[in-house]
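If you read the sequences in order, they're chains A and B. If you're matching positions, the first sequence starts at 45 in our numbering and goes up one per residue. If you're matching positions, the second sequence starts at 5 in our numbering and goes up one per residue. Note that the Cβ used here is the ideal one computed from N, Cα and C, for glycine as well. Small disclaimer: the values here were computed from a predicted structure and weren't measured. Below is one structure, written out as structure tokens, with a few remarks after it.
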Amino acid sequence: MAKQFMKGNDAIVVGALAAGCRAYYGYPITPASEIAHAAALHFPALGGVFIQAESEVSAINMVYGTSGMGVRVMTASSSPGFSLKQEGLSYCAGAELPCVAVNIVRGGPGLGNIAPEQADYFQITKGGGHGNYRLIALAPNGAQEMCDLTMKAFDLADKYRNPACIMADGITGQMMEVVDIPEGVTDLPDHSDWAVTGKAQTSGNLISSIVLEAEDLEAHNLKLDAKYKEIMASEVMYEEYKTEDAELVVVAYGVVSRIVYSTVDMARKQGLKVGLLRPITLWPFPTEAIAKLADSASNFLAVELSTGQMVEDVQLAVNGKVPVHFYGRCGGVVPGGKELLGEFNKIMEGVTQS
Amino acid sequence: MKTFEKSNSFYKVFERKGGPAKEATHYCPGCGHGNVHKMIAESLEELDLTKRSVFVSPVGCSVFGYYYFDCGNFQAAHGRAPAVGTAVKRTNPDAIVISYQGDGDLAAIGTAETIHAANRGENITVFFVNNAIYGMTGGQMAPTTMIGQRSATTPLGRKEDIHGNPIRMCEMLATLPAPTYIERVAIGNSKHIMKARKAIKKALRIQAEGKGYSFVEIVSACPTGWKMDPVAARDWLIDDMLKVFPLGVFKDESDNQDEDAWKRHFEAFDKAKVDVYLDRMKSAVGDIEPTVLPGDLNCKFAGFGGQGILTLGLFLSQIGMRGGHHVSWFPAYGPEMRGGTANCSVNLSSDRIGTPLVDHPNVLVVMNQPSLDMFEKDVVDGGTIIIDSTVVEGNADAKRLNVVAIPASDIADEVGTPKVANVVILGALVAATDAFTPEFCESTLRAIIKKKSLIDMNMEAFRRGYDFVKKA
Numbered sequence: 045m046a047k048q049f050m051k052g053n054d055a056i057v058v059g060a061l062a063a064g065c066r067a068y069y070g071y072p073i074t075p076a077s078e079i080a081h082a083a084a085l086h087f088p089a090l091g092g093v094f095i096q097a098e099s100e101v102s103a104i105n106m107v108y109g110t111s112g113m114g115v116r117v118m119t120a121s122s123s124p125g126f127s128l129k130q131e132g133l134s135y136c137a138g139a140e141l142p143c144v145a146v147n148i149v150r151g152g153p154g155l156g157n158i159a160p161e162q163a164d165y166f167q168i169t170k171g172g173g174h175g176n177y178r179l180i181a182l183a184p185n186g187a188q189e190m191c192d193l194t195m196k197a198f199d200l201a202d203k204y205r206n207p208a209c210i211m212a213d214g215i216t217g218q219m220m221e222v223v224d225i226p227e228g229v230t231d232l233p234d235h236s237d238w239a240v241t242g243k244a245q246t247s248g249n250l251i252s253s254i255v256l257e258a259e260d261l262e263a264h265n266l267k268l269d270a271k272y273k274e275i276m277a278s279e280v281m282y283e284e285y286k287t288e289d290a291e292l293v294v295v296a297y298g299v300v301s302r303i304v305y306s307t308v309d310m311a312r313k314q315g316l317k318v319g320l321l322r323p324i325t326l327w328p329f330p331t332e333a334i335a336k337l338a339d340s341a342s343n344f345l346a347v348e349l350s351t352g353q354m355v356e357d358v359q360l361a362v363n364g365k366v367p368v369h370f371y372g373r374c375g376g377v378v379p380g381g382k383e384l385l386g387e388f389n390k391i392m393e394g395v396t397q398s
Numbered sequence: 005m006k007t008f009e010k011s012n013s014f015y016k017v018f019e020r021k022g023g024p025a026k027e028a029t030h031y032c033p034g035c036g037h038g039n040v041h042k043m044i045a046e047s048l049e050e051l052d053l054t055k056r057s058v059f060v061s062p063v064g065c066s067v068f069g070y071y072y073f074d075c076g077n078f079q080a081a082h083g084r085a086p087a088v089g090t091a092v093k094r095t096n097p098d099a100i101v102i103s104y105q106g107d108g109d110l111a112a113i114g115t116a117e118t119i120h121a122a123n124r125g126e127n128i129t130v131f132f133v134n135n136a137i138y139g140m141t142g143g144q145m146a147p148t149t150m151i152g153q154r155s156a157t158t159p160l161g162r163k164e165d166i167h168g169n170p171i172r173m174c175e176m177l178a179t180l181p182a183p184t185y186i187e188r189v190a191i192g193n194s195k196h197i198m199k200a201r202k203a204i205k206k207a208l209r210i211q212a213e214g215k216g217y218s219f220v221e222i223v224s225a226c227p228t229g230w231k232m233d234p235v236a237a238r239d240w241l242i243d244d245m246l247k248v249f250p251l252g253v254f255k256d257e258s259d260n261q262d263e264d265a266w267k268r269h270f271e272a273f274d275k276a277k278v279d280v281y282l283d284r285m286k287s288a289v290g291d292i293e294p295t296v297l298p299g300d301l302n303c304k305f306a307g308f309g310g311q312g313i314l315t316l317g318l319f320l321s322q323i324g325m326r327g328g329h330h331v332s333w334f335p336a337y338g339p340e341m342r343g344g345t346a347n348c349s350v351n352l353s354s355d356r357i358g359t360p361l362v363d364h365p366n367v368l369v370v371m372n373q374p375s376l377d378m379f380e381k382d383v384v385d386g387g388t389i390i391i392d393s394t395v396v397e398g399n400a401d402a403k404r405l406n407v408v409a410i411p412a413s414d415i416a417d418e419v420g421t422p423k424v425a426n427v428v429i430l431g432a433l434v435a436a437t438d439a440f441t442p443e444f445c446e447s448t449l450r451a452i453i454k455k456k457s458l459i460d461m462n463m464e465a466f467r468r469g470y471d472f473v474k475k476a
């Protein structure tokens with residue numbers, strides 16, 4: 045059959061190779077290491093590159109090197125390691141280099157633990173490195189999407205010449221599900237107009253993020269900003285579940301959205317009009333879709349594995365029209381369905397203050 | 005005379021530099037970078053390597069190397085040029101990669117990248133300009149700053165007990181097995197320059213011949229940073245610096261290397277190859293044969309590590325996949341696994357699965373006592389609990405639950421190995437839930453068990469577990 049039962053982390057490697065990714069540079073860290081294990085096995089076997097780098101910092105700078113040659117390349121890590129990649133991602137964004145960076149988020153801050161969390165939302169969506177830049181951020185909630193959104197991330201990265209990021213949690217990385225093995229890409233984009241390939245025809249090209257003159261650097265930033273606005277206008281992805289008549293709209297992504305699907309069904313059986321809006325792109329954020337629902341729903345609830353990060357974007361989108369509530373667990377604690385149903389009931393009864 | 009002409013490996017006019025003097029460099033009078041650039045450019049031209057060269061500029065005074073070299077150019081983050089260079093070379097093994105770095109870049113912030121690129125024997129060339137000072141940032145201490153030398157951050161002079169000693173990179177790198185060629189040269193007198201030119205060209209030739217990692221340190225003057233005139237700077241270099249940084253060849257294996265001995269393999273994207281890989285990734289369980297589930301299965305499997313708890317979950321999951329159902333499997337992961345207990349959550353449903361976590365199972369398998377104690381209370385009313393009664397002494401509440409106590413480990417021993425206790429349990433589970441026919445499970449197991457010699461034992465184990473429940 046054209047399916048396989050596999051871990052989310054392994055599905056990322058299938059998606060990457062199907063998308064024509066040729067090089068993987070990484071450093072081991074739980075709970076992302078399976079990605080490196082699969083890459084070590086399959087990239088060299090397909091004539092590509094796998095290097096276990098001396099550090100996360102080296103790994104992202106190796107990504108910079110291969111990306112600058114116009115070749116599809118990726119790295120993957122988990123929260124503390126992803127923090128170390130921020131400088132390199134800023135350089136990639138500044139030099140307009142397409143690449144894919146995966147963060148299988150674990151508990152923080154600091155060394156934290158290896159349990160699932162979503163507390164890297166600010167870092168990923170607001171720019172964890174220096175300067176005016178954005179990462180395109182995709183948030184899969186199952187093994188199939190780990191594969192499919194990885195492929196999508198390569199396309200978006202190339203289309204906009206910008207790093208794209210997969211933000212998943214430890215559960216989505218470790219969980220196994222049925223994955224439809226995708227069709228691989230047929231053609232890859234030609235980047236010989238800007239890439240430095242080590243061949244004569246591209247020897248006039250330069251990969252750099254340095255722009256010395258103030259006016260020139262401002263112009264470069266405005267060019268990037270225009271690109272980011274185009275991404276915001278064109279690339280928002282989200283899923284709505286039973287929102288048509290929802291009085292309470294729950295906003296959740298990643299594994300939390302999976303829990304909320306079940307809880308919405310439980311709530312509907314009790315007669316509560318609850319729906320789910322799941323951002324698939326965390327940046328660009330589905331601001332308009334939420335704003336539209338704010339015209340019909342009476343309450344919003346952001347549920348996250350954090351102390352409250354995405355909720356700020358929900359508040360900005362709702363813009364004071366109706367109350368926005370927050371429910372978060374962190375440190376690796378994952379809310380159960382009954383627990384969330386209790387929160388829904390509280391809000392619907394008007395017990396909780398906004 | 006050729007020596008008075010600008011090398012063709014330089015741009016004729018330095019357009020990227022901008023400003024009024026587009027034919028001059030941005031370097032100060034007496035600086036060594038200009039000399040080193042010239043020697044590199046001339047070597048590239050003489051070896052006919054320019055057009056396939058990639059020059060990686062560092063952070064420091066030579067950050068603008070790309071103003072000058074008429075080849076492919078990268079500008080890298082501080083200290084990361086060897087990492088960038090590694091990737092460039094691995095992605096195109098025919099490119100000539102130059103990692104050009106100063107002392108702060110190479111021997112302070114980029115020490116790790118320097119050592120590990122050398123240790124991997126990357127087939128690149130590193131040119132290390134050591135002038136014992138941070139020039140671009142304004143004359144601060146470098147890792148190679150001399151004892152007693154004043155800098156912006158050692159205003160009273162560098163002291164061993166406060167700042168450490170000047171670091172000798174050639175000597176350190178020469179301890180590694182992989183590098184092919186390591187030499188320290190200088191730009192002091194004309195004899196030095198002749199040797200430097202030779203070393204630079206040799207390093208590039210080694211790379212072009214695929215003979216591996218080459219590293220040339222060039223001890224060089226920085227009159228501005230040293231606050232000396234160029235003549236005094238040259239004298240200090242020769243009289244003082246070379247005592248700490250002796251010139252010479254620290255390693256040279258170039259005559260012992262075969263051509264392309266260090267050339268790595270890289271293939272561009274090949275759809276046919278990727279398709280073969282994708283095809284191999286597809287499951288061996290055969291085509292989907294839709295089955296009807298009597299109801300959703302929300303299972304928790306728990307026991308000691310080594311009892312095959314996770315594999316039990318995987319077997320059931322793949323049977324579910326072949327039956328055309330939605331399936332999820334989630335293990336408890338990390339250090340707790342290393343502590344000797346294992347558990348996993350498995351869901352089978354004909355609809356989309358919400359949460360993959362099973363807090364309230366309708367099927368619980370326990371293969372040790374702690375798991376029974378911990379999870380029995382979570383099972384939904386009327387749910388099934390399957391207990392390996394060989395291992396677990398206690399029993400579950402038969403009024404509330406459908407309790408199946410099966411001596412799975414004993415049965416497994418009879419079959420031939422305790423390792424198939426989990427498959428005995430699987431047989432019992434299928435019998436107790438009627439989720440699948442035994443024939444469907446057996447044909448799936450045949451397809452997914454990798455060691456073909458173990459198939460018969462697993463078939464017997466499954467059937468013994470199944471019959472134990474059905475014939476009870």
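Please classify residue i: does DSSP put it in a helix, a strand, or coil?
i             : result
residue 274/A : helix
residue 397/A : Since pLDDT at residue 397/A reaches only 45, below the 50 mark, its modelled position is unreliable, and the value read off the structure follows with that caveat. Of the three classes helix, strand and coil, the one that applies to residue 397/A here is coil, per DSSP.
residue 129/B : strand
residue 278/B : helix
residue 6/B   : The pLDDT assigned to residue 6/B is 48, lower than 50, so where the model puts this residue is not dependable; a value taken from the coordinates is nonetheless given after this. Three-state DSSP puts residue 6/B in a helix.
residue 39/B  : helix
residue 155/B : strand
residue 7/A   : In the structure as shown, chain A begins at 45 and stops at 398. Residue 7/A is therefore absent and cannot be evaluated.
residue 162/B : strand
residue 15/B  : coil
Can you check whether the CB of residue j is closer than 8 Å to the CB of residue i?
i             : j             : result
residue 200/A : residue 212/A : no
residue 148/B : residue 111/B : yes
residue 214/A : residue 323/A : no
residue 275/A : residue 343/A : no
residue 64/B  : residue 140/B : yes
residue 190/B : residue 222/B : yes
residue 228/A : residue 282/B : yes
residue 370/B : residue 303/B : no
Could you check which residue in the options has the C-alpha nearest to that of residue i?
i             : options                       : result
residue 204/A : 140/A, 298/A and 290/A        : 140/A
residue 63/A  : 192/A, 112/A, 331/A and 96/A  : 192/A
residue 265/A : 174/A, 89/A, 336/A and 330/A  : 174/A
residue 221/A : 295/B, 108/B and 352/B        : 352/B
residue 446/B : 69/B, 330/B and 319/B         : 319/B
residue 408/A : 313/A, 374/A, 366/A and 370/A : As displayed, chain A neither begins before 45 nor continues past 398, which places residue 408/A out of reach and without an answer.
residue 138/A : 66/A, 300/A, 389/A and 269/A  : 269/A
residue 19/B  : 241/B, 11/B and 29/B          : 29/B
residue 389/A : 293/A, 113/A, 120/A and 361/A : 293/A
residue 187/B : 226/B, 210/B, 194/B and 264/B : 210/B
residue 245/B : 449/B, 290/B and 171/B        : 171/B
residue 385/B : 365/B, 373/B and 217/B        : 365/B
residue 385/A : 352/A, 278/A, 376/A and 345/A : 345/A
residue 167/A : 263/A, 142/A and 147/A        : 147/A
Given the structure, does residue i come close to the ligand NAD, in the sense that its CB is under 7 Å from one of the ligand's heavy atoms?
i             : result
residue 216/B : Of ligands this structure carries none, so the ligand NAD is not represented either.
Complete beta strand (DSSP E) runs within the segment 172-237 of chain B (minimum length 3 residues, chain order) | 185-190 and 218-223
Let me know the beta strand (DSSP E) ranges lying completely inside the segment 202-272 of chain A, each 3 residues or longer, listed in chain order.
-> 207-213 and 220-224
What residues from the segment 198-225 of chain A come within 8 Å of chain B, judged by C-beta to C-beta, listed N to C?
-> 214, 215, 218, 219, 220, 221, 222 and 225
Identify each residue in the segment 124-138 of chain B for which the Cβ-Cβ distance to at least one residue of chain A is less than 9 Å, and report them in chain order.
-> 124
Residues from the segment 341-371 of chain B in contact with chain A, defined by Cβ distance under 8 Å = 356, 357, 358, 359, 360, 361 and 363
Whole runs of the alpha helix (DSSP H) within the segment 428-455 of chain B, excluding any shorter than 4 residues | 442-452
What are the uninterrupted segments assigned as alpha helix (DSSP H) that are 4 or more residues long and contained completely in the segment 63-137 of chain A, given in chain order?
-> 77-89, 100-112 and 123-128
Looking at chain B, which residues of the segment 80-106 of chain A have a Cβ within less than 9 Å of any of its Cβ atoms?
-> 86, 88, 89, 90, 91, 92, 93, 95, 97, 98, 99, 101, 102, 103, 104, 105 and 106
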